[in-house]
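Some notes on the structure that comes next.
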Amino acid sequence: MEALILEPSLYTVKAILILDNDGDRLFAKYYDDTYPSVKEQKAFEKNIFNKTHRTDSEIALLEGLTVVYKSSIDLYFYVIGSSYENELMLMAVLNCLFDSLSQMLSSQVNPVQTAIRHPEQNSRRSQPHKISRANGSDFLRKGMIYFLAR
1 MEALILEPSL YTVKAILILD NDGDRLFAKY YDDTYPSVKE QKAFEKNIFN
51 KTHRTDSEIA LLEGLTVVYK SSIDLYFYVI GSSYENELML MAVLNCLFDS
101 LSQMLSSQVN PVQTAIRHPE QNSRRSQPHK ISRANGSDFL RKGMIYFLAR
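In this text, residue positions in the sequence shown follow the UniProt record's numbering: the first is 1, and each later residue adds one.
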């Protein structure tokens with residue numbers, strides 16, 4: 001029975017991932033040596049994406065790890081912990097990451113959305129910007145990577 005009791009630790013999260021809609025890495029931060037090489041990490045990321053991108057649930061148990069995830073537009077956010085980790089703690093980390101990035105980028109994304117919705121409000125001197133949904137998504141993706149890399 002004592003073998004199942006874990007020592008308290010600050011290392012709750014094993015990894016944080018952001019993948020695009022093809023399962024390719026946009027951002028990855030691993031906090032332990034579960035997957036030491038980039039090749040192993042990318043194989044793990046592909047496996048996670050293949051198992052989760054078509055489901056509506058928010059949690060999965062894969063390869064002895066607890067994975068909580070959320071998708072937005074064409075991005076997939078993952079927080080990974082050990083199989084013994086509290087799912088609510090991992091979900092709190094995921095929600096904090098997701099909400100923080102949304103707040104930081106909302107001021108940068110809103111002008112893009114305004115230009116898309118109301119092109120007539122652009123000044124007469126400048127040409128109306130042609131911004132597609134894909135370009136707005138790329139803008140959001142680059143902004144997230146910028147803020148995570150800081």
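A virtual CB, placed ideally from N, CA and C, is assigned to each residue, including glycine.
Note that the structure is a prediction, hence the values are computed from the model and not measured.
Which of the three DSSP states, helix, strand or coil, is assigned to residue i?
{"i": "Ser71", "result": "strand"}
{"i": "Asp99", "result": "helix"}
{"i": "Val79", "result": "strand"}
I need the boundaries of the alpha helix (DSSP H) containing residue i, first residue and last residue.
{"i": "residue 155", "result": "Residue 155 is absent from the model: the chain starts at 1 and stops at 150."}
Going by C-alpha distance, which of the options is nearest residue i?
{"i": "Val79", "options": "Lys39, Glu58, Ser72", "result": "Glu58"}
{"i": "Ile48", "options": "Ser83, Ser72, Ala60", "result": "Ala60"}
{"i": "Thr52", "options": "Met104, Gly23, Met91", "result": "Gly23"}
{"i": "Val93", "options": "Glu63, Phe77, Tyr84", "result": "Phe77"}
So the beta strand (DSSP E) residue i belongs to, where does it begin and stop?
{"i": "Lys29", "result": "25-30"}
{"i": "Asp20", "result": "15-20"}
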